[in-house]
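Chemist: Protein chains in written order, with our numbering: chain X, 186 to 357; chain S, 125 to 304. In this text, a Cβ means the ideal position worked out from N, Cα and C, and glycines have one as well. All figures in this text were calculated on a predicted structure; none of them were measured in a lab. Provided herewith is a single structure, encoded as structure tokens, for subsequent inquiry.
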């Protein structure tokens, strides 16, 4: 069992490093897809590391227990990394903080930040990403949801009702 | 394997508790509620793990881990990672910016131009827009920025500067654009 956990950590570390090296040479906009391919490509690596790692499991343990634990930990570490990645890549709050770096201790006004990071551009860029991922399309008259986008919007609306939450547009 | 099974029960408990309490209490901020529910379900994990037999009435002998402490710790880590994932999914969907755009488009029931969508994020605070309006007090509350009341100037605190620099470094290391 311990072997499975160690193997998952090694294989995850290797594919995360490989993923980031690849992003430098072949940057892609479809990052979730790239990450999913990366983690799938890492599965044979997981098997190899498990096979070659010189650690033995107790004799009375099922031979499938270790690999099963390795796969569970590998998938969960992938989810954790993907979440971390999107916090760094997409967070509006992080972007506001980064925009403030050049102003140092003197600071600046919200209007100055909005010059380099305007709200409408922020929305337009997100719409472009949503279009690239097939959730919206632009046609005469403006942006329209695709069937996939409508399903996601409805799912979010249900989740909002269940949790009694509000979207960013509804917050005061 | 018992740890994983018990962790799944605990995750389901945390999720149901959070949804029920969120629905009733409608808190302004969900993280304290989620943290409390994850802690409570974490205590339930410990209790269920301690009170059930090693095979949890269903596991074959080969699937019972020889070291219960390792199994317990592994289950706890799986529980924490799964909890983190569903909390993150909540923030990416219910609290996400892109999903808020989709929900606004769905509510409108007609195609919208970018400026029409931007308008929906501007209502209620014409000066800053909602995107900035609710974030700035939160950043201030967490001690990441200071706001000069006289000139309405925002500046990074030491803590904010540290986080901003780490974020910038990570963006460079991952070859990402400014983002946001």
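#1: Can you name, in chain order, every residue of its own chain whose Cβ lies under 8 Å from the Cβ of residue 235 of chain X, other than the five neighbours on each side?
#2: Quick one: complete alpha helix (DSSP H) runs, 4+ long, within the segment 224-267 of chain S?
#3: Classify residue 200 of chain X: buried if its beta carbon has 16 or more other beta carbons within 10 angstroms, exposed otherwise.
#4: I'd like the span of the beta strand (DSSP E) that includes residue 322 of chain X, first residue to last.
#5: Counting only the same chain and skipping the five closest in sequence on each side, list residues whose C-beta sits under 7 Å from that of residue 321 of chain X.
#6: With a threshold of 7 Å between beta-carbons, can residue 179 of chain S be considered close to chain X, or not?
#7: How would you list, in chain order, the residues of chain X whose beta-carbon sits under 8 Å from the beta-carbon of residue 288 of chain S?
#8: Suppose only complete runs of 4+ residues qualify. What are the alpha helix (DSSP H) ranges in the segment 232-320 of chain X, listed by chain order?
#9: Please identify the residue among S:199, S:194 and S:276 whose C-alpha is closest to the C-alpha of residue 172 of chain S.
#10: Cβ closer than 8 Å: which chain S residues qualify as neighbours of residue 273 of chain X?
#11: Provide the residue span of the alpha helix (DSSP H) that contains residue 327 of chain X, from first to last.
#12: Given that residue 212 of chain X touches chain S, what residues does it touch there, using C-beta distances under 7 Å?
#13: For residue 147 of chain S, would you say it is in contact with chain X, using Cβ-to-Cβ distances shorter than 7 Å as the test?
#14: For residue 355 of chain X, which of helix, strand or coil comes out of DSSP?
#15: Would residue 153 of chain S be called buried (16 or more neighbouring beta carbons within 10 Å of its own) or exposed?
#16: I need the DSSP call for residue 191 of chain S, collapsed to helix, strand or coil.
#17: Determine the closest residue to residue 296 of chain X out of S:256, S:170 and S:227, with distance taken between C-alpha atoms.
#18: Indicate the three-state DSSP secondary structure (helix, strand or coil) for residue 274 of chain S in the structure shown.
#19: Would you mind telling me which residues of chain X sit closer than 8 Å to residue 202 of chain S, beta carbon to beta carbon, in chain order?
Modeler: For this structure:
#1: Taking residue 235 of chain X as the centre and dropping the five residues before and after it, the same chain places the C-beta of 188, 189, 192, 251, 252 and 255 closer than 8 Å to its C-beta, in chain order.
#2: 238-244, 253-257 and 259-265
#3: buried
#4: In this chain, the beta strand (DSSP E) harbouring residue 322 of chain X covers 321-324.
#5: 312, 315, 328, 329, 330, 331 and 334
#6: no
#7: 279, 282, 283, 285 and 286
#8: Counting whole runs of 4 or more residues, the segment 232-320 of chain X contains the alpha helix (DSSP H) stretches 250-275, 277-285, 295-301 and 304-317.
#9: S:199
#10: 291, 294, 295, 298, 300 and 303
#11: No alpha helix (DSSP H) holds residue 327 of chain X; the beta strand (DSSP E) holding it covers 327-330.
#12: 299
#13: yes
#14: coil
#15: Burial call: exposed.
#16: coil
#17: S:256
#18: In the structure shown, residue 274 of chain S sits in coil (DSSP, three-state: anything other than H, G, I, E or B).
#19: 257, 258 and 261
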